[in-house]
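Note that the sequence shown covers residues 1 to 935 in my numbering. Note that CB positions come from ideal geometry on N, CA and C, so glycine has one too.
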Amino acid sequence: MAARRSSRPVARNLAIAVLVLILVYAVAGFLVLPWWLQRALPDQVRQQLGWQLELADVRANPFALTLEVAGLSAADADGEPVLSLQQLRVNLGFWPLLGGTVAMQEVLLREPYLRLDVLADGGINLARDWQRQHPPTEPAAEPEPTGLPRILLEQAAIEGGELMVRDFSQARPETFRIQPLDLSLQDFATWPRGEDGNYYLLAAAGSQTLEWHGSLSLEPLYSHGRLRLADIRSQTLAHFLSAHIPYELRDGRVTVSTDYEWQMDGGLHLVTRNGEVSVAGLALAVSGAQETPGLTVADLTLDGIEFDLAGRSLRLGTLSLSQPELQVSRLPDGRIDWLAALPASDSTAPAATGTAADAPPFRWSLDGVQVDAGRLDWRDQMPGSEATLALAHLNLSLGGLDDRLEEPVPYQLDADLTDGGRLALRGQFTPRPFNLETSVSGSGIELAAFQPYLSQGANLAIAGGTLAFDGDLDLDAQQSPLTGTFNGTAEVQALRLTLPDGGDRLLAWQTLRLAPIEYNVHPARLEIGRVTLVAPEANLVRDTDGLYNVARVPVAGEADTGGSDRAAADTGDAGATANPALIFRIGELQVENGRVDYTDRTLAPAFTTTLDALNGAVVGLSNIPPQQGQVALTGRVGGVGELTFNGTLGALGSDDHTQLKLRLSDLSLPVLSPYFGRYLGYSVDSGKLDLALDYDLAGTRIDASNQVLMDRLELGSAVASDEALKAPVKLGLALLTDSDGVIDVNLPVSGDLSDPSFQVGQVVMRAFVNLLVKAAASPFSMLGSIVEMTGLTGEDLGQVRFRPGSVALADGEAAKLAALAEALRERPELLLNVRGAVAPEADGLALLRESLAVAGQPVSDAAWAQARDAYLAGARSLPPEALNNLAQARGLAIQRLLTESHGVPAQQVFLRDPSRQAEVGPAGNVIVPFALDAR
1 MAARRSSRPV ARNLAIAVLV LILVYAVAGF LVLPWWLQRA LPDQVRQQLG
51 WQLELADVRA NPFALTLEVA GLSAADADGE PVLSLQQLRV NLGFWPLLGG
101 TVAMQEVLLR EPYLRLDVLA DGGINLARDW QRQHPPTEPA AEPEPTGLPR
151 ILLEQAAIEG GELMVRDFSQ ARPETFRIQP LDLSLQDFAT WPRGEDGNYY
201 LLAAAGSQTL EWHGSLSLEP LYSHGRLRLA DIRSQTLAHF LSAHIPYELR
251 DGRVTVSTDY EWQMDGGLHL VTRNGEVSVA GLALAVSGAQ ETPGLTVADL
301 TLDGIEFDLA GRSLRLGTLS LSQPELQVSR LPDGRIDWLA ALPASDSTAP
351 AATGTAADAP PFRWSLDGVQ VDAGRLDWRD QMPGSEATLA LAHLNLSLGG
401 LDDRLEEPVP YQLDADLTDG GRLALRGQFT PRPFNLETSV SGSGIELAAF
451 QPYLSQGANL AIAGGTLAFD GDLDLDAQQS PLTGTFNGTA EVQALRLTLP
501 DGGDRLLAWQ TLRLAPIEYN VHPARLEIGR VTLVAPEANL VRDTDGLYNV
551 ARVPVAGEAD TGGSDRAAAD TGDAGATANP ALIFRIGELQ VENGRVDYTD
601 RTLAPAFTTT LDALNGAVVG LSNIPPQQGQ VALTGRVGGV GELTFNGTLG
651 ALGSDDHTQL KLRLSDLSLP VLSPYFGRYL GYSVDSGKLD LALDYDLAGT
701 RIDASNQVLM DRLELGSAVA SDEALKAPVK LGLALLTDSD GVIDVNLPVS
751 GDLSDPSFQV GQVVMRAFVN LLVKAAASPF SMLGSIVEMT GLTGEDLGQV
801 RFRPGSVALA DGEAAKLAAL AEALRERPEL LLNVRGAVAP EADGLALLRE
851 SLAVAGQPVS DAAWAQARDA YLAGARSLPP EALNNLAQAR GLAIQRLLTE
901 SHGVPAQQVF LRDPSRQAEV GPAGNVIVPF ALDAR
């Protein structure tokens with residue numbers, strides 16, 4: 001009994017003590033802890049960060065081991081809100097505490113808010129505020145590393161959170177508000193438990209979302225899961241990437257997703273799988289100055305992305321671009337705008353050293369590229385006038401690529417030119433060493449689109465024309481220089497070229513077909529089997545300033561100033577035998593129904609003629625000897641003249657002989673009337689022209705025979721011309737005309753074509769003019785075969801000798817008159833002017849002696865000597881009319897002999913006033929000269 005009574009106070013006291021402890025625990029938990037936290041937390045936050053912290057309510061339940069904080073808010077030293085939350089709830093597990101584990105059955109943050117500032121120096125406001133309250137001191141000894149406390153988060157969550165990020169590190173500050181931000185974390189432990197914790201994060205900034213879920217452990221540090229960023233706006237990306245990319249991102253929404261696995265175990269190990277990137281509405285500009293984006297893509301996708309950090313490998317699936325539009329410009333200095341925007345490489349940067357150089361190479365691969373309904377706009381500012389070309393409906397398929405770049409990559413490309421035409425390429429290429437095998441074709445390509453490039457080298461305007469081609473192109477850069485071949489065909493349809501200023505037609509054709517074409521890049525060689533030119537038309541015009549329209553085609557400054565000639569001279573004889581830079585051969589050039597119009601506006605009226613119905617072929621054209629080509633062309637000149645052009649061709653540019661023969665018949669001479677008017681001073685009423693031109697060329701040396709035959713040439717009225725020949729043209733032509741009314745002359749020409757002063761046409765014209773001058777100056781020498789047959793000279797045929805004092809011809813003079821009569825009969829246009837003449841001394845003495853004999857006076861030698869001396873001294877004279885009568889009688893005698901004895905028409909022989917100044921020949925005969933004229 002006593003023992004029971006003694007134990008009761010102990011139990012009672014123990015119970016009271018427990019109750020007191022419970023009461024103290026309850027008071028401390030329910031009252032003291034919240035009171036202490038409301039006072040201690042603001043002080044600690046102010047001391048550690050300099051913030052002003054306010055707590056609306058703090059509640060604790062020591063028995064449920066829960067803590068709730070409501071209405072927490074904090075402002076930084078500048079008074080700006082930096083942190084807040086509506087509710088914080090923490091629920092600890094009791095029994096795990098007994099085992100040394102802090103087990104949080106529940107951690108809940110409802111509507112938390114955090115402001116994160118990225119400062120101008122790249123730091124953040126949280127670190128800045130901490131460093132302000134903790135100035136740098138002497139570094140303390142690093143504590144011994146200890147393990148993490150055993151903490152278990154069974155259930156942690158953030159509901160309705162908000163994160164505001166203000167970035168002041170860029171030139172243009174930007175604010176990003178991430179709301180809502182929800183996070184759940186389950187079974188997360190700081191020690192190995194055999195199972196990983198799970199997490200799920202969802203954050204949004206407007207339509208931009210971040211979804212991240214997976215598993216996570218700290219011992220070892222390991223995580224795997226899936227990450228997805230969706231609808232990230234271009235403004236967000238541009239803010240963070242503008243300092244790192246040379247272009248301006250103007251629009252686009254990016255979505256990125258991937259499965260990942262990472263672990264920290266002696267280094268970072270990161271592997272991603274099933275990665276995808278998609279961009280909608282991408283718009284990129286070269287710079288802010290560009291009015292419209294230089295690149296737009298409706299949809300871009302890249303799938304099958306796999307990355308292994310430790311394995312140094314990246315695998316990319318297929319890159320697909322839908323409706324991409326790219327604008328590329330070549331700047332006036334020759335740079336491409338997209339490349340010009342890239343930063344210059346720093347050649348002085350030190351090379352990588354250390355273990356990085358020993359690391360295995362980074363491996364990457366791309367399964368392929370697919371472009372659908374694309375467009376490429378090319379703008380070239382280098383030509384004098386800006387060039388623009390555009391490819392639309394562009395579809396591209398590209399095979400796989402990898403970092404080795406050694407495997408062939410198949411590709412296929414199709415596109416339409418917006419100006420007209422279509423392109424198609426099929427084949428494969430190897431990047432390293434470069435090798436290309438492709439079939440290329442084009443059809444209906446409008447050549448006018450390339451006008452600015454043509455204008456760089458020629459003053460020509462493309463008024464029409466389309467290009468088509470089809471072939472195989474192979475290029476190989478395994479050895480230097482690049483080698484390659486092209487085999488195919490090409491065709492240009494309906495080409496029309498004009499001069500840009502006046503629009504005068506210059507060159508046109510219906511069809512130019514080249515097939516087959518074989519081109520070798522190195523050494524440069526071009527071989528064309530057949531060139532077919534259908535209905536070509538050329539318009540050659542000599543303008544009023546004397547320049548031909550083709551002389552206006554070369555652009556000023558583009559002509560060779562002689563540098564090539566000097567270079568050839570410097571090489572000496574070696575240059576003569578070296579192969580040309582380009583070897584070419586054309587098997588056959590066919591011309592069908594060609595036409596050449598020629599106009600000379602320097603004449604008044606202007607001269608115009610046409611060479612049409614031009615047909616034929618040139619076979620075997622080449623610039624490599626030995627080469628024996630053939631030419632055979634026919635045509636029509638002036639609508640009636642028949643033209644043939646035949647011959648053999650040596651290798652062009654060599655010293656091989658080229659022999660050409662041109663024959664022209666039945667060309668109407670009145671067509672050439674403007675030229676006759678300018679150079680001869682007369683128009684042409686009628687006549688026909690035949691030409692037989694034989695040319696022999698060896699290198700630059702030319703030897704030519706120009707046989708000119710004019711039938712029934714009749715001059716018309718006189719034409720006033722300062723350039724007309726100052727000579728009796730009609731006489732010269734009449735002398736050249738035979739009895740059939742034909743002028744047949746040969747005008748040989750020789751010279752060096754490399755001499756700028758030597759021009760074949762001018763030389764031929766000069767030879768003809770010289771021939772007329774010679775005829776007018778020595779007319780009797782031009783009587784051709786008549787002179788040759790009589791054995792007389794032109795001088796002999798132009799005069800007749802009489803016996804002194806008589807109308808009797810000297811011995812042999814009758815034959816001379818017969819020959820002259822024949823020449824006159826053969827040339828009805830010739831007129832003979834006869835001027836009877838006497839030599840006063842010779843004829844006077846003869847008449848004196850004759851008069852002495854008639855008077856019956858003795859004519860002894862002494863008497864004759866006396867009479868002679870008296871006559872010569874003037875002491876004795878003849879009747880005044882004696883000599884004049886003799887002169888007239890001689891003229892009449894010649895006229896009668898020619899007309900009555902030799903049948904010369906009287907209208908061809910004219911008598912002139914007698915002359916008393918006749919010459920006396922060596923034999924003492926008196927010479928009476930003739931003069932020729934023409935009607």
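Among Gly874, Ala867, Gln917 and Gln866, which residue has its Cα nearest to the Cα of Leu883? If you number the sequence shown from 1, residue 883 lands on position 883. Comparing Cα positions, the closest option is Gln917.
Cβ atoms of Asp259 and Pro220: under 8 Å apart, would you say? Locating residue 220 in the sequence shown gives position 220, where the first residue counts as 1. Locating residue 259 in the sequence shown gives position 259, where the first residue counts as 1. In this structure, Pro220 lies away from Asp259, with their beta-carbon atoms at least 8 Å apart.
What residue ranges within the stretch 470–527 form continuous beta strand (DSSP E) runs of no fewer than 3 residues, ordered along the chain? The qualifying runs are 483–498 and 505–520.
Can you give me the C-alpha to C-alpha distance between Lys688 and Pro905, rounded to a whole angstrom? As a position in the sequence shown, residue 688 is number 688, starting the count at 1. As a position in the sequence shown, residue 905 is number 905, starting the count at 1. So the alpha carbons of these two residues sit roughly 27 Å apart.
When Ala810, Arg935, Gly903 and Leu660 are compared against Val926, the one with the closest alpha-carbon: Here residue 926 refers to the residue found at position 926 when the sequence shown is read from its first residue. The residue with the shortest Cα to Cα distance from Val926 is Ala810.
CB-CB under 6 Å to Leu366, same chain, minus the five flanking residues each way: which ones, in chain order? Here residue 366 corresponds to residue number 366 of the sequence shown, with the count starting at 1. Excluding sequence neighbours, Leu366 sits near Leu316 and Leu401.
So Arg935 and Leu831 are supposed to be a Cβ contact under 8 Å. How far apart are they, rounded? Position 935 of the sequence shown, counted from the start, is the residue given in the question as residue 935. Position 831 of the sequence shown, counted from the start, is the residue given in the question as residue 831. Taking 8 Å as the upper bound for CB-CB distance, Arg935 and Leu831 are in contact here, some 6 Å apart.
With H, G and I counted as helix, E and B as strand and the rest as coil, what does DSSP make of Thr209? For the purposes of this step, residue 209 is taken as the residue at position 209 of the sequence shown. Thr209 sits in a strand when the DSSP states are folded into three classes.
Could you check what DSSP says for Trp95 in three-state terms: helix, strand or coil? Walking along the sequence shown from the start, residue 95 turns up at place 95. Three-state result, Trp95: helix.
I'd like to confirm the pairing. Which residues does DSSP put opposite Val807 in its beta bridges? Within the sequence shown, the letter at position 807 stands for residue 807. In the DSSP secondary-structure assignment, Val807 is not bridged to any residue.
To the nearest angstrom, how far is the alpha carbon of Leu845 from that of Ala889? Residue 845 sits at position 845 when you count from the first residue of the sequence shown. Residue 889 sits at position 889 when you count from the first residue of the sequence shown. Rounded to whole angstroms, Leu845 to Ala889 spans 17 Å at the Cα level.
If I measure Cβ to Cβ from Thr388 and keep anything under 6 Å in the same chain, skipping five residues before and after, which residues do I get? Position 388 of the sequence shown, counted from the first residue, corresponds to residue 388. Within its own chain, the residues whose Cβ lies closer than 6 Å to the Cβ of Thr388, once the five positions on either side in sequence are excluded, are Arg379, listed in chain order.
Which listed residue (Gly650, Ala720, Asp656 and Thr489) has its alpha carbon closest to that of Tyr679: For the purposes of this step, residue 679 is identified with residue 679 of the sequence shown, where counting begins at 1. Shortest Cα-Cα distance from Tyr679 to any of Gly650, Ala720, Asp656 and Thr489 involves Ala720.
Could you check if Val254 is buried or exposed, using at least 16 other CB atoms within 10 Å of its CB as the buried criterion? Within the sequence shown, numbered from 1, the residue matching residue 254 stands at position 254. With 16 or more other Cβ atoms inside 10 Å of its own Cβ, Val254 counts as buried.
Exposed or buried, Tyr113, counting other C-beta atoms within 10 Å across all chains shown (16 or more means buried)? The residue given as residue 113 occupies position 113 in the sequence shown. A residue is called buried once 16 or more other Cβ atoms fall within 10 Å of its Cβ, and Tyr113 is buried on that count.
State the beta-bridge partners of Lys661 as determined by DSSP. By one-based count along the sequence shown, residue 661 stands at place 661. Looking at the DSSP assignment, Lys661 forms a beta bridge with Asn646 and Asp694.
For the beta strand (DSSP E) that contains Ile305, what are its first and last residues? Here residue 305 is taken as the residue at index 305 of the sequence shown, counted from 1. Here the beta strand (DSSP E) through Ile305 covers Leu295 to Asp308.
Start-to-end residues for the beta strand (DSSP E) that takes in Trp378: Stepping through the sequence shown from its first residue, residue 378 is reached at position 378. Per DSSP, Trp378 is one residue of the beta strand (DSSP E) stretching across Arg363 to Asp380.
Leaving aside the five residues before and after Ala983 along the sequence, list all residues of the same chain whose C-beta is less than 6 Å from its C-beta, in chain order. Because the chain here runs from 1 to 935, residue 983 falls outside it and cannot be looked at.
Contact between the stretch 525–539 and the stretch 503–517 is defined here as three or more beta-carbon pairs at a separation below 8 Å; is this criterion met? Result yes; three or more Cβ-Cβ pairs closer than 8 Å.
Helix, strand or coil, according to DSSP, for Lys726 in the structure here? To locate residue 726, count along the sequence shown from 1; it is residue 726. Note: Lys726 maps to coil in three-state DSSP.
State the Cα-Cα distance for the pair Thr438 and Asn487, rounded to the nearest angstrom. Taking the first residue of the sequence shown as 1, we reach residue 438 at position 438. Taking the first residue of the sequence shown as 1, we reach residue 487 at position 487. If I take the Cα positions, the gap works out to 11 Å.
Check whether the Cβ atoms of Gln381 and Arg330 lie closer than 8 Å to each other. Position 381 of the sequence shown, counting from 1, holds the residue named residue 381. Position 330 of the sequence shown, counting from 1, holds the residue named residue 330. In this structure, Arg330 lies closer than 8 Å to Gln381 by Cβ.
Is the distance from the Cβ of Arg128 to the Cβ of Arg166 below 8 Å? One-based indexing of the sequence shown puts residue 128 at position 128. One-based indexing of the sequence shown puts residue 166 at position 166. Not a contact, by the Cβ cut-off of 8 Å.
CB of Ala392 within 8 Å of CB of Asp416, strictly: Counted from its first residue, the sequence shown places residue 392 at position 392. Counted from its first residue, the sequence shown places residue 416 at position 416. In this structure, Asp416 lies closer than 8 Å to Ala392 by Cβ.
Which partner residues of Phe429 appear in the DSSP bridge assignment? Stepping through the sequence shown from its first residue, residue 429 is reached at position 429. According to DSSP, which records beta bridges pairwise, Phe429 is partnered with Val409 and Leu436.
Opposing strand residues paired with Ala688 [DSSP bridges]: To locate residue 688, count along the sequence shown from 1; it is residue 688. Note that residue 688 is Lys in the sequence shown here, rather than Ala. Its beta-bridge partners are Ser668 and Asp711.
Mind reading off the beta-carbon distance from Ala870 to Gly836? Whole number of angstroms is fine, and I expect it under 8 Å. For the purposes of this step, residue 870 is taken as the residue at position 870 of the sequence shown. For the purposes of this step, residue 836 is taken as the residue at position 836 of the sequence shown. Incorrect: roughly 27 Å between the Cβ atoms, too far for contact.
Does the beta-carbon distance from Pro929 to Gln799 come in below 8 Å? As a working mapping, residue 929 is identified with position 929 in the sequence shown. As a working mapping, residue 799 is identified with position 799 in the sequence shown. Against a cut-off of 8 Å, the Cβ pair of Gln799 and Pro929 comes out as a contact.
Please list, in chain order, all residues of the same chain as Ala60 whose beta carbon is under 6 Å from its beta carbon, the five residues on each side excluded. Counting from 1 along the sequence shown, the entry for residue 60 is found at position 60. For Ala60, where only same-chain residues beyond five positions count, the Cβ hits under 6 Å are Gly29, Leu33, Pro34 and Leu67.
Close beta carbons around Leu697, own chain, < 6 Å, minus the five adjacent residues each side: The sequence position of residue 697 within the sequence shown is 697, counting from 1. Thr658.
Let me make sure I understand the geometry here. Which of Gly374, Ala606 and Gln590 has the alpha-carbon closest to that of Val619? Here residue 619 corresponds to residue number 619 of the sequence shown, with the count starting at 1. Here the closest residue by C-alpha is Gln590.
Cα-Cα separation, Ile583 to Pro410: On the sequence shown, position 583 is the one that residue 583 refers to. On the sequence shown, position 410 is the one that residue 410 refers to. As the crow flies, the alpha-carbon of Ile583 is around 33 Å from that of Pro410.
Pull the bridge partners of Asp337 from the DSSP assignment, please. Residue numbering aside, residue 337 sits at position 337 when the sequence shown is read from its first letter. Under DSSP, no beta-bridge partner is assigned to Asp337.
Near Lys661, which residues of its chain fall below 6 Å by C-beta distance, leaving aside the five closest residues on each side in sequence? The residue you call residue 661 lines up with position 661 of the sequence shown. Excluding residues up to 5 positions away in sequence, Asn646, Gly647 and Asp694 lie with their Cβ nearer than 6 Å to the Cβ of Lys661 in the same chain.
When the distance is taken between beta carbons, is Asn549 closer than 8 Å to Val555? Within the sequence shown, the letter at position 555 stands for residue 555. Within the sequence shown, the letter at position 549 stands for residue 549. Not a contact, by the Cβ cut-off of 8 Å.
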